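Q:
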Amino acid sequence: MRVRRTLWAWVTAITLIVVTLFASLLARSAHADGDDSLAQVKSRGTLRWGGDLQGGEPYVSQRPDGMLVGFEVELAQAIAKRLGVTEEFVQNDWNTLAPSLERGTFDIILNGYEITRERMGRILFSRPYYVFAERLTVRKGEARFSANLGDLRGCRVGTLGTSLAYDTLVAAGADPVLYEGQEEPYADLAHGRIDAVLLDDIIAQRYATRHAELATAGDVREGVYAIATRKTDHALMLAIDDALDELVWNGELRAILARSGIDDPREDKLETYGHPSGGSASIGESRIEAYPHFGAHHVWLFIQGAGVTLFVSVLAMAVAFPLGLLLAIARTHGPRWLGNLAATYVELYRGTPVLLQLYVLYYGLAPVVRMGPLVAAIVGLGMNYAAYEAETHRAGILAVPIGQMEAARALGMKIPLALRRIIVPQALKHSLPNVTSDFIALLKDSSLVSVITVVELTKRMTITSVDVRSWLLPGALCAAMYFAMSFPLARIARRLEAR
Amino acid sequence: MTVPLSARLVLDGVRKRRGERWVLDGVSLSIAPGTIYALLGESGTGKSTLLRCVTRLDEVDEGTIKVGGEGRVGLVFQQHHLFAHMTAIENVMEAPIHVAKLSPADARARAEKLLAELGVAHRRDAKPAELSGGESQRVAIARAMAMEPDVLLLDEPTSALDPARRKGLTELLLALAQGGMSLLVATHDLPFARDVASRAGTLDKGVLADVPLREEPAPA
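Taken in order, these protein sequences are the chains called D and V. To convert, note that position 412 of the first sequence is 412 in the working numbering; the numbers rise steadily by one, no gaps. All you need for the working numbering is the position in the second sequence, starting with 1, plus 499.
1. Could you compute how far the alpha carbon of residue 264 (chain D) sits from the alpha carbon of residue 300 (chain D)?
2. Are the C-beta of residue 672 (chain V) and some C-beta of chain D separated by less than 9 Å?
3. How long is the line joining the alpha carbons of residue 352 (chain D) and residue 346 (chain D), rounded to whole angstroms?
4. Whole-angstrom Cβ separation of residue 568 (chain D) and residue 312 (chain D), contact assumed at under 8 Å?
5. Straight-line CA distance for residue 273 (chain D) to residue 242 (chain D)?
6. Who are the Cβ neighbours of residue 82 (chain D) in its own chain at under 7 Å, not counting the five residues just before and after it?
7. Alpha helix (DSSP H) containing residue 634 (chain V): first to last residue?
8. Under the assumption that residue 648 (chain V) contacts residue 571 (chain V) (Cβ atoms under 8 Å), give the Cβ distance between them as a whole number of angstroms.
9. Find the nearest neighbour of residue 595 (chain V) within the set V:645, V:665, V:652 and V:656, judged by alpha-carbon distance.
10. Taking all protein chains shown into account, do 16 or more other C-beta atoms lie within 10 angstroms of the C-beta of residue 619 (chain V), making it buried, or fewer, making it exposed?
11. Around the Cβ of residue 283 (chain D), are there at least 16 other Cβ atoms within 10 angstroms (buried) or fewer (exposed)?
12. Can you list, in chain order, the residues of its chain with a C-beta nearer than 7 Å to that of residue 415 (chain D)? Leave out the 5 residues immediately preceding and following it.
13. Using DSSP bridges, identify the partner residues of residue 179 (chain D).
14. In chain order, what are the residue ranges of uninterrupted alpha helix (DSSP H) at least 4 long that sit wholly in the segment 526-604 of chain V?
15. Are at least three pairs of beta-carbons, each pair with one atom in the segment 249-263 of chain D and one in the segment 172-180 of chain D, less than 8 Å apart?
16. Whose Cβ in chain D lies nearer than 9 Å to the Cβ of residue 615 (chain V)?
17. Whose C-beta lies closer than 7 Å to the C-beta of residue 456 (chain D) among residues of the same chain, with five residues either side of it excluded?
18. Roughly how many whole angstroms lie between the Cα atoms of residue 43 (chain D) and residue 86 (chain D)?
19. Please decide whether residue 401 (chain D) counts as near chain V, where near means a Cβ-Cβ distance under 9 Å.
20. For chain V, check one thing: does any of its Cβ atoms lie closer than 9 Å to the Cβ of residue 422 (chain D)?
21. Taking the straight line between their C-alpha atoms, what separation do you get for residue 92 (chain D) and residue 76 (chain D)?
22. Start and end of the alpha helix (DSSP H) containing residue 300 (chain D)?
23. Please report the distance separating the alpha-carbon of residue 186 (chain D) from that of residue 211 (chain D).
24. Compare the C-beta of residue 425 (chain D) with all C-beta atoms of chain V and state if any pair is closer than 9 Å.
25. State buried or exposed for residue 708 (chain V), treating a residue as buried only when at least 16 other CB atoms are found within 10 Å of its CB.
26. Taking the Cβ atom as the reference point for each residue, do residue 657 (chain V) and residue 668 (chain V) lie within a distance shorter than 9 Å?
27. Tell me the residue span of the beta strand (DSSP E) that contains residue 515 (chain V).
28. Using only CA atoms, which one of D:59, D:80 and D:65 lies nearest to residue 72 (chain D)?
29. Please report the straight-line C-alpha distance between residue 454 (chain D) and residue 65 (chain D), rounded to a whole angstrom.
30. Taking the alpha-carbon positions, what's the residue 551 (chain V) to residue 541 (chain V) distance?
31. 9 Å is my cut-off, CB to CB: does residue 505 (chain D) come that close to chain V?
32. Could you tell me if residue 505 (chain V) is buried or exposed, where buried requires 16 or more neighbouring beta carbons within 10 angstroms of its beta carbon?
33. Using CA coordinates, which residue listed in D:485, D:468, D:57 and D:9 is at the minimum distance from residue 259 (chain D)?
34. Taking all protein chains shown into account, decide if residue 360 (chain D) is buried (16 or more other Cβ within 10 angstroms of its Cβ) or exposed.
35. Which of the three DSSP states, helix, strand or coil, is assigned to residue 125 (chain D)?
36. Express the C-alpha separation of residue 237 (chain D) and residue 125 (chain D) in angstroms, rounding to a whole number.
So this is what it looks like as structure tokens:
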């Protein structure tokens, strides 16, 4: 029976992986049919452009009245006009813009997307529409940093995932700390959680300047933003390049930049930069570049990620279990006011998203309590899961017959002693299988702590997937690792239940 | 606290309300050392409530309850309520160790002695679920006795016993009384009460009325 169950679990897992592979092959072959990319856009009448509103000003952001604003909105409108169509914005997480482009969610990426060697192997880039600098921001009075990448070796430097700045930091031997939005790295730098921030100058201008204690160390390199299409969509790319060409030469592009306050002398170079395949300037790399394949090195990184996942989950449960027990006791045997307090805690934590709780704990409370990301992850998840453990323990306590407490009291035991010796040991027998199930859920929920810069298994998977241009192997390995951690626990839970 | 009493247990005008109803409505009673009092009556007449009040599981609304000697009361529940996660001997040792603060060795010696006296020493390592009704009751009596009570209360002790075991229980309770223990036994079993008790009473609308146990000799 046990053998059959194990077998069944593996068959399910393998089937899932095979179906995923097959589906992706189908998706790929669909893209491979002839290049009618431009014709499709024209017949549809809309050019769908992907970006992330979380990127905010000055790229593309939403006004309170719902209207989209930003220099990229104007640029999209100008290009669409030249193609004889209208533009339509498609919201997409910035880290997954390339995979979403490939699977056809939109026609182009237009969102501060830097031309990098790695990306050029995967997608087509237009001629640049903006020249920016990677700007290093530090705390005021810290003289150890200059605008020199060598200074950053071994330092914790905040940036955005899958960005040129990230690649730059990795190459410089720094320890990149990845954020989901632009505001958070500067806030963390101001709070002393990281040593520096490396991000595009127009981001630094908007977000670093809000913190009086931060200063610019300097610009370390230049980069360019360009529009991207799928690798097969040459016709569409040609049309976009033509449109951009016109906008560059008739001065309309510079006017758009000026309206957003980001035009500067550096933009003169836009005229000299051509299409990346044209071999002009420093970005004119060959279009097809080798990119890292998924290999043993990645597997090791995944194992480390799984280690972080396990570490965070185990310690979070070590917080949640006793705290939950105290909450449950407060509700079942405490004075009324304490019981109400515990009930409020439980409802508050169960009634709000754990993601929000993590944000509040890590960023919101930063001026008051300064926790490192790992500590915040453990405390945040632990306090959240304590609410669930409280309910699990409460059910366990209520399952102990009332006579047990009465017998203890009749023998002269006070309530705390009776709880410790008589009630809780029996309650745990009831609740332990459920606690084990909760731990499996916690193991998976721990992926949420990547929002506070902890690189655990899922985050490692998303980073690697972008690196190696594939979600299949990393995804399957990631799934297998979660499965390897949770399946034995599920069996333990079943065995506990059978007892 | 030592209460100087000639009687071991004295109830004086005890009243206890459950909702709108006075379950105990002025109960007075005294039990001398070494005697057994049978509290008769069908279920729902307030017998268990009276036992709970004496054990202080429930508070009385009016009146007083005084226990002589060291003031200690032991209660054997009708369902015994042995601690389900502990063996028989652990059940008996639990309160002496954690309440009376005996050393584990002393508590074990006391428990072994009680289990032997009650004839269940061979079941010392059994869990409550593995014990028969009679065994379970004897372990529960041993558990109560281990705290050396001045008064032992038993709630419906014959409810789950076959005739042979009932006889054994009768002998056991008489032996306890012989040793100086005062017992208050709630039961609806009149023949059993006749066998063990020296006095008996019944609760009627919360008031205790004497019940003659032995037929008065017919007037000649």
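We put the beta carbon where it would ideally sit given N, CA and C, even for glycine. Note that the coordinates shown come from a computational prediction; the quantities given were computed from them, not determined experimentally.
A: From the atom records:
1. 44 Å
2. no
3. 10 Å
4. Since the first and last residues shown for chain D are 1 and 499, residue 568 (chain D) lies out of range.
5. 14 Å
6. 243 and 246
7. 632-644
8. 5 Å
9. V:645
10. buried
11. Any reading at residue 283 (chain D) must be qualified, since the residue scores a pLDDT of 40, below 50, and its modelled position is unreliable; the value itself is stated next. Buried, by the Cβ-count rule.
12. 333
13. D:160
14. 546-554 and 587-597
15. no
16. The premise fails here: residue 615 (chain V) is roughly 21 Å from chain D at the closest Cβ pair, so nothing lies under 9 Å.
17. 305, 308, 309, 312, 446, 447, 449 and 450
18. 11 Å
19. yes
20. yes
21. 16 Å
22. 296-333
23. 8 Å
24. yes
25. exposed
26. yes
27. 508-517
28. D:59
29. 35 Å
30. 17 Å
31. Residue coverage of chain D in this structure runs from 1 to 499, which leaves residue 505 (chain D) outside it and unanswerable.
32. exposed
33. D:57
34. exposed
35. strand
36. 8 Å
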